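When you read off a place in the sequence shown, starting at 1, and then add 2, the result is the number in the numbering used here. Quick reminder that beta carbons are idealized off the backbone N, C-alpha and C, glycines included. Bear in mind that the values here come from a model prediction, so they are computed numbers and not experimental data.
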Amino acid sequence: MKTRWTLLALSGLTMLAACGGTDNHAGLVARVGKQTFTVDQAVKLLEDQENLPNQDNVVRAVAELWVDYTLLADEVARDSTLKSIDLEPLVRQQIEPQMIFQLRDSVIQVDTAISDAELKKLYDQEAPGARVKASHILFSYPDQATEAQKDSVRKEAEAVRRRALAGESFAALARQYSQDPGSARQGGELGTFGRGDMVRPVEEAAFSMEPGQISDIVESPYGLHIIRLEEKDVPGFDQMRDSFRVQVQNERYAVAESTYVANLEGKVHPKVVDDAVSVAKAIAKDPAVRLSGRAADRPLVTYEGGAVTVGEYQLVVQSRPEQFRQSVQQATDEQIDTFLKSLAQRDLLVDEAKKAGLEPPQARVDSLVAQARQQLLAVAQEIGLRRLDQAPGEDLAPAVGRAVQQALSDILTGAKDVVPLGQISYQLREEEPASIFDDGVGQVLLKVGQIRAARSPSPADTAGQGGGGAQPTGAPDRPNGG
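Structure, rendered in structure tokens:
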């Protein structure tokens with residue numbers, strides 16, 4: 003069922019700091035202020051959902067939703083208009099790219115008129131859509147090779163190339179000499195590939211040749227290559243004319259845009275600060291971390307007249323999916339530097355757009371904020387959190403607890419789809435302390451596992467049942483997971 007797989011996808015989102023120990027939270031999976039999500043409540047939700055694996059990430063995904071929905075229910079109960087939630091920063095994140103596009107269209111002028119003759123000449127040079135089949139013989143340098151060692155490897159490669167040119171079997175030479183084990187076993191075959199599929203020097207050599215030709219010695223980060231082109235397939239110009247014209251026009255636009263941005267950077271000299279990479283990775287690991295005003299204002303990139311701050315970067319990270327946050331944690335320093343500089347570029351372009359009068363009036367921003375607030379209220383209505391079933395004289399907490407428990411039950415049984423709150427959840431968590439407890443998650447896993455195991459047929463029960471597809475009497479039907 004789609005809803006359950008959506009829940010599994012959400013299980014990668016672990017925005018709360020997990021708490022160890024047992025002080026003050028025995029029997030709890032999570033807590034938000036005075037609201038608690040108990041082990042028994044979690045077990046009741048999960049014990050019958052046997053198409054969901056009994057795994058840590060699934061329990062945490064349910065706990066995360068419980069936290070988000072509890073916070074939203076509390077907020078709606080306190081303020082039915084949700085005006086206490088500042089949605090303008092989120093709306094401006096949507097407005098700014100539109101301002102940049104308008105700026106690009108107004109200041110970047112590119113001659114995109116291309117005659118068929120010019121386009122045909124470019125097509126013959128670039129051969130877009132072409133695919134080639136090639137083989138190679140690789141000679142690797144020793145680690146930390148000296149110049150003398152490199153010369154020795156090159157001489158060996160040149161000698162083998164001469165033998166190939168003289169007519170010896172390229173495949174046999176590859177099996178004997180190539181230091182690329184995977185292709186060497188196949189006579190050097192690299193298979194069929196297009197542009198961008200191979201390391202650039204190998205690609206350029208392969209696409210510059212005709213079938214049967216053997217390349218000069220080609221150097222790449224992997225060593226020295228001798229390349230033989232086996233086949234080349236280039237689609238006809240008439241077949242590719244229209245798509246290639248669009249490609250060339252887009253490339254010209256990209257070059258003009260890069261030149262414009264480079265000119266802006268040249269005036270203000272953006273510089274990534276020394277500890278920016280470690281801070282960027284820390285924020286990506288825990289996007290919900292609470293920042294003091296001073297910490298939020300710390301610069302990650304400085305430039306004349308401005309800076310990209312930690313707080314600004316945190317908002318960007320919070321708006322991106324989990325895969326992005328994981329990629330930041332695994333990225334090289336150079337890759338993170340490049341991303342941080344791109345945020346500075348964005349700020350510079352937004353400033354230029356404002357100077358050009360492209361910023362929408364505040365009334366328009368207020369209107370978009372009001373629309374976003376209505377959408378959030380609609381989400382609360384859809385989840386069942388907008389109108390709580392609160393008995394006369396009853397405290398708010400029990401009514402919120404029942405509503406959230408019902409919402410999670412509806413999601414897990416497939417009656418409703420998961421509605422993630424996205425970046426709103428970070429704002430809600432700034433208002434109220436929230437925690438998920440490792441030991442509570444572990445207790446849920448243990449109890450759910452025990453309950454499901456008790457329902458499973460023993461080997462004696464299933465013996466002789468012909469295919470083992472029957473369930474024991476009294477076992478619940480297992481829902482389809484498709």
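- It is roughly 21 angstroms from the alpha-carbon of R348 to the alpha-carbon of R366.
- Taking the C-beta atoms as reference points, L410 is found no nearer than 8 angstroms to L89.
- Around the C-beta of T83, fewer than 16 other C-beta atoms lie within 10 Å, and the residue is accordingly described as exposed.
- One alpha carbon belongs to G268, the other to P99, and they sit about 22 angstroms apart.
- By the neighbour-count criterion, in which 16 or more other beta carbons inside 10 Å mark a residue as buried, V257 falls on the exposed side.
- Look at D235 here: in three-state DSSP terms it is strand.
- Per DSSP, Y315 is not a residue of any beta strand (DSSP E); the alpha helix (DSSP H) it occupies stretches across 312-321.
- F341 sits away from V31, with the two beta carbons spaced by 8 angstroms or more.
- Here P99 carries a helix assignment [DSSP, helix/strand/coil].
- The shortest CA-to-CA distance from D299 to any of E306, G313, G359 is the one to G313.
- In this structure, D412 and R404 do not form a Cβ contact; the two beta carbons are roughly 13 angstroms apart against a cut-off of 8 angstroms.
- Secondary structure at I87: coil, using DSSP grouped into helix, strand and coil.
- With at least 16 other beta carbons inside 10 angstroms of its own, A207 counts as buried.
- With contacts defined by Cβ atoms closer than 8 angstroms, V270 and P301 do not form a contacting pair.
- Here the C-alpha atom of Q178 lies approximately 13 angstroms from the C-alpha atom of A161.
- Contact fails between the segment 233-252 and the segment 215-223, because fewer than three Cβ pairs, one in each stretch, are under 8 angstroms apart.
- In this chain, A436 is not harboured by any alpha helix (DSSP H); it is covered by the beta strand (DSSP E) spanning 436-439.
- In summary, N265 is exposed, with fewer than 16 beta-carbon neighbours lying within 10 Å of its beta-carbon over all protein chains present.
- In the DSSP annotation of this structure, G403 is not part of any beta strand (DSSP E); the continuous alpha helix (DSSP H) holding it starts and ends at 398-415.
- For A161, no beta strand (DSSP E) encloses it; the enclosing alpha helix (DSSP H) starts and ends at 149-167.
- With contact defined as three or more Cβ pairs closer than 8 angstroms, the segment 417-431 and the segment 49-56 are not in contact.
- Its chain contains A282, K283, A286, I338 as the residues whose beta carbon lies nearer than 7 angstroms to that of V330, once the 5 sequence neighbours on both sides are disregarded; these appear in chain order.
- According to DSSP, L140 shares a beta bridge with H227.
- R165 and D288 have their C-alpha atoms roughly 59 angstroms apart.
- The segment 35-44 and the segment 61-76 touch, with three or more beta-carbon pairs separated by less than 8 angstroms.
- G196 and K157 have their C-alpha atoms roughly 30 angstroms apart.
- Under DSSP, the beta-bridge partners assigned to K135 are T194, E233.
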